[in-house]
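Engineer: This is the structure, below, for whatever I ask next.
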Amino acid sequence: MSTPGTDIETRVGPGHYEADSYVDGMHDTREPITEEKLDAIFSWQELARLDEALTMSSRETGLRFTLYIGDLGKRTRVRAEELHAASAADPTHAVLLALSPGQRVIEVVTGSAAARRLPDRACALAVLSMTTSFAGGDLVGGIVNGLRQMSDQAGRLRTH
Numbered sequence: 001m002s003t004p005g006t007d008i009e010t011r012v013g014p015g016h017y018e019a020d021s022y023v024d025g026m027h028d029t030r031e032p033i034t035e036e037k038l039d040a041i042f043s044w045q046e047l048a049r050l051d052e053a054l055t056m057s058s059r060e061t062g063l064r065f066t067l068y069i070g071d072l073g074k075r076t077r078v079r080a081e082e083l084h085a086a087s088a089a090d091p092t093h094a095v096l097l098a099l100s101p102g103q104r105v106i107e108v109v110t111g112s113a114a115a116r117r118l119p120d121r122a123c124a125l126a127v128l129s130m131t132t133s134f135a136g137g138d139l140v141g142g143i144v145n146g147l148r149q150m151s152d153q154a155g156r157l158r159t160h
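Below is the structure:
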């Protein structure tokens, strides 16, 4: 079952990664992520930047932002929705940013509650910003900037 959300698919700049990897505590049950694989994909400084961006986006908005980087298969949107559904205890308040550099695809999936605060247009603008960074060879910077844009658009968690 997929959670309703945004329907954005955008082609991105070059990048080739052989291993699927999750950030923010998620993992791919098909093949465990080892320290060697993480070292081959990102430096520890880059992982720290990604973790900080995900943590800050989640804290500031009250939404759970997650990131998946790896192959999404032939049906990229369907796979992204499956990952989103499994990404949090309550996917209605979650946002998944799924990147498949080898396929040159970005999928943003929002849960129904998250979509009310983060409309398709805002996600599309964040994706456009990311693709500009990706084209310049800055995968991590593009992801960090995209997360910041989406969290700015979603706004602070309202407690009233």
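With UniProt numbering, letter number 15 in the sequence shown gets 15, and the count goes up by one each step, no holes. Idealized CB from N, CA, C, for every residue including glycine.
With DSSP as the reference, label residue 147 as helix, strand or coil.
Structural biologist: As a first step, residue 147 is located in the sequence shown; it is residue number 147 there, counting from the start. Correct three-state label for residue 147: helix.
Engineer: In this structure, does DSSP put residue 85 in helix, strand or coil?
Structural biologist: Reading the sequence shown from its first residue, position 85 is the one you call residue 85. Three-state result, residue 85: helix.
Engineer: Using 8 angstroms for Cβ pairs, my map puts residue 148 next to residue 53. What's the rounded Cβ distance?
Structural biologist: In the sequence shown, counting from the first residue as 1, residue 148 sits at position 148. In the sequence shown, counting from the first residue as 1, residue 53 sits at position 53. That belief holds up - the Cβ atoms of residue 148 and residue 53 are roughly 7 angstroms apart, short of 8 angstroms.
Engineer: Give me whichever residues DSSP pairs with residue 65 in a beta bridge.
Structural biologist: Translated into positions along the sequence shown, residue 65 becomes position 65. Residue 65 pairs with 95.
Engineer: Suppose you measure from the CA of residue 134 to the CA of residue 142; what does that come to, to the nearest Å?
Structural biologist: As a first step, residue 134 is located in the sequence shown; it is residue number 134 there, counting from the start. As a first step, residue 142 is located in the sequence shown; it is residue number 142 there, counting from the start. Distance between the alpha carbons of residue 134 and residue 142 is about 6 angstroms.
Engineer: Please state the DSSP three-state secondary structure of residue 134.
Structural biologist: Counting from 1 along the sequence shown, the entry for residue 134 is found at position 134. The answer is helix: DSSP assigns residue 134 an H, G or I state.
Engineer: With a CB to CB cut of under 8 angstroms and the five nearest residues on each side skipped, what residues in its chain are close to residue 46?
Structural biologist: Position 46 of the sequence shown, counted from the first residue, corresponds to residue 46. Once the five neighbours on either side are set aside, the close Cβ partners of residue 46 are 140.
Engineer: In the DSSP assignment, find the unbroken alpha helix (DSSP H) run with residue 213 in it and report its ends.
Structural biologist: In the structure as shown, the chain starts at 1 and stops at 160, and residue 213 therefore has no counterpart that could be examined.
Engineer: May I have the straight-line CA-CA distance separating residue 145 from residue 90, to the nearest angstrom?
Structural biologist: Translated into positions along the sequence shown, residue 145 becomes position 145. Translated into positions along the sequence shown, residue 90 becomes position 90. C-alpha separation (whole angstroms): 25 angstroms.
Engineer: Nearest to residue 121 by alpha carbon, out of 61, 94, 153?
Structural biologist: Position 121 of the sequence shown, counting from 1, holds the residue named residue 121. If we check each option's Cα against that of residue 121, 153 comes out closest.
Engineer: To the nearest angstrom, how far is it from the Cα of residue 77 to the Cα of residue 118?
Structural biologist: Along the sequence shown, one-based indexing puts residue 77 at 77. Along the sequence shown, one-based indexing puts residue 118 at 118. Roughly 18 angstroms separates the two Cα atoms.
Engineer: Within this structure, are the beta carbons of residue 66 and residue 100 separated by less than 7 angstroms?
Structural biologist: As a position in the sequence shown, residue 66 is number 66, starting the count at 1. As a position in the sequence shown, residue 100 is number 100, starting the count at 1. Result no, Cβ atoms of residue 66 and residue 100 do not sit closer than 7 angstroms.
Engineer: Am I right that residue 113 and residue 150 are in contact with their C-beta atoms under 8 angstroms? What's the rounded C-beta distance?
Structural biologist: Numbered from 1 along the sequence shown, position 113 holds the residue referred to as residue 113. Numbered from 1 along the sequence shown, position 150 holds the residue referred to as residue 150. Not quite, the Cβ-Cβ distance comes to about 14 angstroms (not below 8 angstroms), so this is no contact.
Engineer: Excluding the 5 residues flanking residue 103 on each side, which residues of the same chain have their C-beta closer than 8 angstroms to its C-beta?
Structural biologist: Mapped onto the sequence shown, residue 103 falls at position 103. Result list for residue 103: 71, 72, 76, in chain order.
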